[in-house]
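Visitor: If you're matching them up, the sequences are chains F and B in order.
Take this note's numbering: the final residue in the first sequence is number 245, and no numbers are missing along the way.
Take this note's numbering: the final residue in the second sequence is number 1245, and no numbers are missing along the way.
The C-beta atom is built at its ideal place from N, Cα and C for all residues, glycine as well.
Just so you know, these numbers come straight off a predicted model, no measurement behind them.
Number of protein chains: 2
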Amino acid sequence: MSEIVTAGIVVIGDEILSGRTKDKNIGFIAEYLTNLGIDLKEVRVVADEEPAIVEALNTLRARYDYVFTTGGIGPTHDDITADAVAKAFGVGIDHHPDVVARFRQRYAEADLNEARLRMARIPHGAELIESATILAPGFKLGNVVVMAGVPSIMQAMMDIVAPRLRSGARMLSDSVSANAREGDIGTPLRAIQEAHPETSIGSYPFIEDSGRPNTNVVVRSRDPEKLKAAMDDVKAMLAGLNVVR
Amino acid sequence: MSEIVTAGIVVIGDEILSGRTKDKNIGFIAEYLTNLGIDLKEVRVVADEEPAIVEALNTLRARYDYVFTTGGIGPTHDDITADAVAKAFGVGIDHHPDVVARFRQRYAEADLNEARLRMARIPHGAELIESATILAPGFKLGNVVVMAGVPSIMQAMMDIVAPRLRSGARMLSDSVSANAREGDIGTPLRAIQEAHPETSIGSYPFIEDSGRPNTNVVVRSRDPEKLKAAMDDVKAMLAGLNVVR
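What follows is the structure in structure tokens.
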């Protein structure tokens, strides 16, 4: 059995909690981690408040192999993620000389104000997540990966940090449309799940564009043969159904 | 000062954590609660695992006035939310006679199988969240509101339960486009935040369709006069900026 590598996400931002901004990062990171072979186990969305961020970080970094954060690394007073990470780890924080040097190349002296310099504050011991096109760098401290909240920048940071992550056996999945309502298949599906304990079988109801109810059945496993055996049973069960939707 | 009413959300579902399904419920509920005058403080996404659900429920229901859950109330083996809620509250759970009676009207006896009857399992003491168009009801037990994961059904349930919720003074907000990069305004914005402590000022960078960086500044307060005073200062600051993007 291959090693299982786990992760949590902490989304930091009042704007998500107020509903003003709709999060697009959780789904992206979830799918990205699945493709890498890292199991996302839990997500928390917290306010721009240091105690809330520190609590979420310290709980999840103890519980999972990696924690990914998004948001709160910009230049304004409500960007407090770097300080919260330093506090969670009990380390100092300072302007990182490499980041300040890059800012000096990029900005005229008049534009290199206190707010912009704030983006160079990096906890002691962190490695930078940076590229020529990223202004404010992310960073990785221990098992915590700190990224921007703006989706395009966060996505660029994931690409940079991914090669540095340990990953496990990839979770494989296969799906089939049941052409039935979830209630039509619940009883036999439970029996199939019990017969295939090393797979995880999920069923997801949805409404077709035509208005008809339908259900996707998804089988997941790290073992391709076990995945296929369970899916074969699901398909045989579905073929034997006689339901009217 | 009016009362402040707070809430948390628990999203239950392996399909969100695997990235297969992109959550649309957090943003909807967040905006809905803001409009009701309820402050969303925290969101957790957890797996279809009873201990994870129970832990999230018990933490958040002690911490906030309300907890809203989505997902896991369907007819299949991975739908374990009702049982987890009963366990979290330490109450029993059984087929609810009103729900079973409604199922008997709706389904032929042959279709009223074990899986469908599972959707009638409601913890003792819960009030139903139901309507003529909702098949599997949601329910409210204490301060926990349990809803479907399918967005259209969840949204119908929010409309049903909303009149039963206590709400506080609505958080008001106003926003302005800075026509500047976030780093151009960070320093003066901090001073404005410090001068207006009963408001919450956020700044949200984004990239215009043209490719130019820009920033939205959002001021929030429950007091319309304090909101206006802070926004006036933000606008005066922005009018005095002399920046090139």
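Whose Cβ in chain B lies nearer than 9 Å to the Cβ of F:G72?
Guide: In chain order: nothing, as chain B lies at least about 11 Å away.
Visitor: With F:R44 and B:V1043 assumed to form a contact (beta carbons below 8 Å), what rounded beta-carbon distance in angstroms separates them?
Guide: Going by Cβ atoms, the distance from F:R44 to B:V1043 rounds to 7 Å, so yes, they are a contact pair.
Visitor: Between B:G1202 and chain F, is there a C-beta pair that is closer than 8 Å?
Guide: yes
Visitor: On a CA-only basis, which of B:A1136, B:L1128, B:G1149, B:A1088 is nearest B:T1069? Give me that one, please.
Guide: B:G1149
Visitor: Taking beta-carbon pairs under 9 Å, can you tell me which members of the region 4-33 of chain F lie near chain B?
Guide: I9, V11, G13, D14, E15, I16, L17, S18, G19, R20, T21, K22, D23, K24, I26, G27, F28, I29, A30, E31, Y32, L33
Visitor: Could you check the C-alpha separation between F:M1 and F:L33 for me, to the nearest Å?
Guide: With a pLDDT of 43 at F:M1, under the threshold of 50, the modelled position of this residue cannot be trusted; read the value that follows with caution. Straight-line Cα distance between these residues: approximately 19 Å.
Visitor: Leaving aside the five residues before and after F:G37 along the sequence, list all residues of the same chain whose C-beta is less than 8 Å from its C-beta, in chain order.
Guide: Non-local beta-carbon contacts of F:G37 in its own chain, meaning distances under 8 Å to residues more than five positions away in sequence, involve V5, S167, G168, A169, R170, M171 in chain order.
Visitor: Leaving out the 5 sequence neighbours to the left and right, which residues in its chain are closer than 7 Å to F:D184 when beta-carbon positions are compared?
Guide: L241, V243
Visitor: Can you give, in chain order, each stretch of the beta strand (DSSP E) that sits fully within the region 131-171 of chain F and has at least 3 residues?
Guide: Scanning the region 131-171 of chain F from its first residue to its last, the whole beta strand (DSSP E) runs of 3-plus residues come out as 138-141, 144-147.
Visitor: Taking C-beta to C-beta, are B:A1082 and B:I1093 nearer than 8 Å?
Guide: yes
Visitor: What residues in its chain sit with their C-beta under 8 Å from that of B:S1131, if we drop five residues either side in the sequence?
Guide: A1156, I1160
Visitor: Taking F:R222 as the reference, give the member of F:H196, F:A180, F:N216 with the closest Cα.
Guide: F:H196
Visitor: Can you list the alpha helix (DSSP H) stretches of 4 or more residues lying completely in the region 1213-1244 of chain B, in chain order?
Guide: Taking only runs of at least 4 residues, the alpha helix (DSSP H) segments lying wholly in the region 1213-1244 of chain B are 1224-1239.
Visitor: Could you say which of B:R1164, B:F1139, B:N1216 lies nearest to B:M1154 if we only look at CA atoms?
Guide: Residue B:F1139 is the option with its Cα nearest to B:M1154.
Visitor: Does the region 59-79 of chain F touch the region 1218-1235 of chain B, meaning 3 or more C-beta pairs lie closer than 8 Å?
Guide: no
Visitor: At what residues does the alpha helix (DSSP H) containing B:T1021 begin and finish?
Guide: Run containing B:T1021: none; DSSP gives neither H nor E here.
Visitor: Assuming F:M231 and F:V219 make a contact with CB atoms under 8 Å, what is their CB distance in whole Å?
Guide: Rounded, the Cβ-Cβ distance is 5 Å, consistent with contact.
Visitor: Our contact map puts B:D1098 next to B:L1128 with C-beta atoms below 8 Å; I'd like the distance itself, whole angstroms only.
Guide: Cβ-Cβ separation between B:D1098 and B:L1128: approximately 7 Å, consistent with a contact (criterion under 8 Å).
Visitor: Using the Cα positions of F:I26 and B:E1109, report the straight-line distance between them to the nearest angstrom.
Guide: 42 Å
Visitor: Which bits of chain F does B:T1187 rub up against, with CB to CB less than 8 Å?
Guide: N113, E114, A115
Visitor: Return helix, strand or coil for B:Y1049, following the three-state DSSP convention.
Guide: It is worth fixing the name first, because residue 1049 of chain B is Glu in this sequence and not Tyr. In this structure, B:E1049 counts as coil in the three-state DSSP scheme.
Visitor: Look up F:M1 in the DSSP assignment and say whether it is helix, strand or coil.
Guide: Residue confidence for F:M1 is low, a pLDDT of 43 falling below 50, so the modelled location carries little weight; the figure read from the coordinates is stated next. Reduced to three states, the DSSP call for F:M1 is coil.
Visitor: According to the neighbour-count rule (16 or more other Cβ atoms, all chains shown, within 10 Å of its Cβ), is B:G1013 buried or exposed?
Guide: Answer is buried; the Cβ neighbour count reaches 16.
Visitor: Going along the region 58-83 of chain F in order, which residues come within less than 9 Å of chain B, judged by CB to CB distance?
Guide: G74, P75, T76, H77, D78, D79
Visitor: Once the 5 residues before and after B:H1124 are set aside, which same chain residues still bring their CB inside 8 Å of it?
Guide: A1086, V1091, G1092, I1093, D1094
Visitor: Taking only runs of the beta strand (DSSP E) that begin and end inside the region 1091-1135 of chain B, which ones reach a length of at least 3 residues, in chain order?
Guide: 1093-1095, 1121-1123, 1127-1129
Visitor: Give the DSSP-derived three-state secondary structure of B:E1208 in the structure shown.
Guide: coil
Visitor: What do you get for B:V1207, buried or exposed, if any count of 16 or more other CB atoms within 10 angstroms of its CB means buried?
Guide: Note that residue 1207 of chain B is Ile in the sequence shown here, rather than Val. Answer is exposed; the Cβ neighbour count stays below 16.
Visitor: Just checking my contact of F:L117 with B:A1030 at CB under 8 Å: how many whole Å lie between their CB atoms?
Guide: Contact doesn't hold; Cβ gap of about 33 Å is too wide.
Visitor: With H, G and I counted as helix, E and B as strand and the rest as coil, what does DSSP make of F:D65?
Guide: coil
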